[in-house]
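Undergrad:
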Amino acid sequence: MEGTKTKKKGRFARYSAQDKALLLTGYILLGLFVVAILIPMIYIIIASFMDPITLQNKGVTFDLEKWTLTAYERVMSNKQIWVGFKNAIVYSLLFTGISVMITLLAAYPMSRSDFKGRGLFNLIFMITMFFGGGLIPTYLLISSLGLLDTMWAVILPGAFSVWNMIIARTYYQGIPIELKEAASVDGASEIMYYFRILLPVCTPVIAVLALWQFVAMWNSYFDAMIYLNDASKQPLQLVLRSILIQNQPESGMIADMQSTAERAQLAELLKYATIIISSLPLLVMYPFFQKYFDSGIMAGSVKG
2 MEGTKTKKKG
12 RFARYSAQDK
22 ALLLTGYILL
32 GLFVVAILIP
42 MIYIIIASFM
52 DPITLQNKGV
62 TFDLEKWTLT
72 AYERVMSNKQ
82 IWVGFKNAIV
92 YSLLFTGISV
102 MITLLAAYPM
112 SRSDFKGRGL
122 FNLIFMITMF
132 FGGGLIPTYL
142 LISSLGLLDT
152 MWAVILPGAF
162 SVWNMIIART
172 YYQGIPIELK
182 EAASVDGASE
192 IMYYFRILLP
202 VCTPVIAVLA
212 LWQFVAMWNS
222 YFDAMIYLND
232 ASKQPLQLVL
242 RSILIQNQPE
252 SGMIADMQST
262 AERAQLAELL
272 KYATIIISSL
282 PLLVMYPFFQ
292 KYFDSGIMAG
302 SVKG
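Quick note on my numbering: the sequence shown kicks off at 2 and runs consecutively.
Given below as structure tokens:
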């Protein structure tokens with residue numbers, strides 16, 4: 002242990018004064034960034050357990066006698082929360098699967114130097130990154146396809162991401178060509194090579210793309226707000242939006258509150274509980290993808 006500390010001190014001592022100042026500045030900024038994230042998270046977690054009257058009058062306290070599970074009990078007993086939670090999971094899983102599949106399939110030919118027309122397709126893809134049809138034409142298209150008030154109106158329009166395709170294409174280009182040549186010598190077809198040899202090697206980038214798309218759909222509410230009218234099809238984020246922004250919890254959550262002040266106090270407490278509940282899937286999922294994250298992002302990053 003002492004040898005490790007001595008090694009670290011020796012390495013730091015070899016830096017120039019400018020490098021030391023730059024490192025210390027980076028550590029300070031990183032520490033401030035971490036504190037700026039942790040303090041709101043800790044506040045929300047504690048506030049979600051507190052008695053609403055105490056929270057409103059005295060603020061956050063660590064006195065456990067002032068804590069309560071009222072907000073979680075009311076949130077967990079509300080039917081619309083569970084409906085939104087189920088819809089959010091279904092939409093996120095379907096969106097992630099479709100998006101990753103389309104992205105990987107589109108990126109493969111774009112990574113091949115022998116693919117004719119690659120430059121033209123690259124140009125078309127790049128144009129879509131900077132120019133879009135707009136909300137009204139998109140709405141009219143969704144309506145003409147008969148997708149209004151269906152989950153496909155939320156899932157399909159944004160399933161393909163040009164940015165993700167570029168990342169996957171770059172990752173493909175970083176895989177040694179000898180792997181393809183060896184598969185050809187062994188008699189593997191193009192499809193067999195892609196699905197049985199190439200995709201297993203691409204696990205890091207697949208995990209990263211899946212994480213990105215799942216988080217994007219889980220946090221998305223705008224498309225659902227525009228295209229979905231049936232409350233039974235709305236995702237959790239729309240329910241959360243009505244509580245956080247419009248300050249309108251589901252009536253069943255506060256039906257037994259008599260006074261307006263009590264309703265307002267409980268509504269404030271419900272905000273924190275719903276934030277925690279809606280964030281749990283992402284907090285649980287991230288550790289399983291973290292080991293792939295760095296390699297998936299950085300692999301092939303020096304290529305053009």
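Backbone N, C-alpha and C fix where the C-beta goes; we use that ideal spot for every residue, glycine too.
For M51, which of helix, strand or coil comes out of DSSP?
TA: As a first step, residue 51 is located in the sequence shown; it is residue number 50 there, counting from the start. Strand, per DSSP.
Undergrad: Nearest-angstrom Cα distance between T69 and I46?
TA: Looking up residue 69 in the sequence shown gives position 68. Looking up residue 46 in the sequence shown gives position 45. Distance between the alpha carbons of T69 and I46 is about 12 Å.
Undergrad: Sort out for me which residues DSSP pairs W68 with in a bridge.
TA: By one-based count along the sequence shown, residue 68 stands at place 67. According to DSSP, which records beta bridges pairwise, W68 is partnered with M51.
Undergrad: Looking at T104: is its Cβ nearer than 8 Å to the Cβ of F215?
TA: Position 103 of the sequence shown, counted from the first residue, corresponds to residue 104. Position 214 of the sequence shown, counted from the first residue, corresponds to residue 215. Not in contact: T104 and F215 (Cβ atoms no closer than 8 Å).
Undergrad: Taking the alpha helix (DSSP H) that F223 belongs to, which residues open and close that run?
TA: The sequence position of residue 223 within the sequence shown is 222, counting from 1. Here the alpha helix (DSSP H) through F223 covers 223-228.
Undergrad: Out of L212, L30, F122, which has the shortest C-alpha to C-alpha gap to L94?
TA: The residue given as residue 94 occupies position 93 in the sequence shown. Nearest C-alpha to L94: L212.
Undergrad: Of all the options Y222, L106, R197, which has the alpha carbon lying nearest to the alpha carbon of I167?
TA: As a working note, residue 167 is residue 166 in the sequence shown. Closest option to I167, Cα to Cα, is L106.
Undergrad: Can you list, in chain order, the residues of its chain whose CB lies under 7 Å from that of L283, leaving out five sequence neighbours each side?
TA: As a working note, residue 283 is residue 282 in the sequence shown. Excluding positions up to five away in sequence, the list reads V216, W219.
Undergrad: Would you give the residue range spanned by the alpha helix (DSSP H) that G98 belongs to?
TA: The residue labelled residue 98 in the question sits at position 97 within the sequence shown. G98 -> alpha helix (DSSP H) spans 80-112.
Undergrad: For A169, report the span of its alpha helix (DSSP H) as first-last.
TA: Mapped onto the sequence shown, residue 169 falls at position 168. Segment 163-174, the alpha helix (DSSP H) holding A169.
Undergrad: List the endpoints of the continuous alpha helix (DSSP H) containing G120.
TA: The sequence position of residue 120 within the sequence shown is 119, counting from 1. Where G120 is concerned, the enclosing alpha helix (DSSP H) stretches over 119-131.
Undergrad: Which of helix, strand or coil does DSSP assign to D231?
TA: Against the sequence shown, residue 231 aligns to sequence position 230. Here D231 sits in coil by DSSP.
Undergrad: Between L31 and the rest of its own chain, which residues show a CB-CB distance below 8 Å, the 5 nearest in sequence each way excluded?
TA: The sequence position of residue 31 within the sequence shown is 30, counting from 1. None.
Undergrad: Which same chain residues, not among the five before or five after I40, have their C-beta less than 6 Å away from its C-beta?
TA: For the purposes of this step, residue 40 is taken as the residue at position 39 of the sequence shown. The answer is none, since no qualifying residue turns up.
Undergrad: Thinking just about the alpha-carbon of each residue, which of Q174, L241, K80 is nearest to the one in P110?
TA: Translated into the one-based positions of the sequence shown, residue 110 becomes position 109. Measuring from the Cα of P110, the nearest candidate turns out to be Q174.
Undergrad: Indicate whether N123 and P236 have their beta-carbon atoms separated by less than 8 Å.
TA: Along the sequence shown, read from residue 1 onward, the residue named residue 123 stands at position 122. Along the sequence shown, read from residue 1 onward, the residue named residue 236 stands at position 235. No, Cβ-Cβ distance for N123 and P236 is not below 8 Å.
Undergrad: Counting Cβ pairs, one atom from each stretch, are 3 or more of them under 8 Å apart for the segment 220-239 and the segment 146-157?
TA: With the cut-off at 8 Å, the segment 220-239 and the segment 146-157 touch.
Undergrad: If you draw a straight line from the alpha carbon of S185 to that of G118, how long is it in whole angstroms?
TA: Start at 1 with the first residue of the sequence shown, and residue 185 comes out as number 184. Start at 1 with the first residue of the sequence shown, and residue 118 comes out as number 117. Approximately 24 Å, taken between the alpha carbons.
Undergrad: With respect to the alpha helix (DSSP H) encompassing K181, which residues constitute its N-terminal and C-terminal limits?
TA: Sequence index remark: in the sequence shown, residue 181 carries index 180 (1-based). That run of the alpha helix (DSSP H) goes 178-186.
Undergrad: Assuming contact is defined by CB atoms lying nearer than 8 Å, are A72 and L271 in contact in what I supplied?
TA: Taking the first residue of the sequence shown as position 1, residue 72 is located at position 71. Taking the first residue of the sequence shown as position 1, residue 271 is located at position 270. Yes; because the gap between Cβ atoms is below 8 Å, this pair is in contact.
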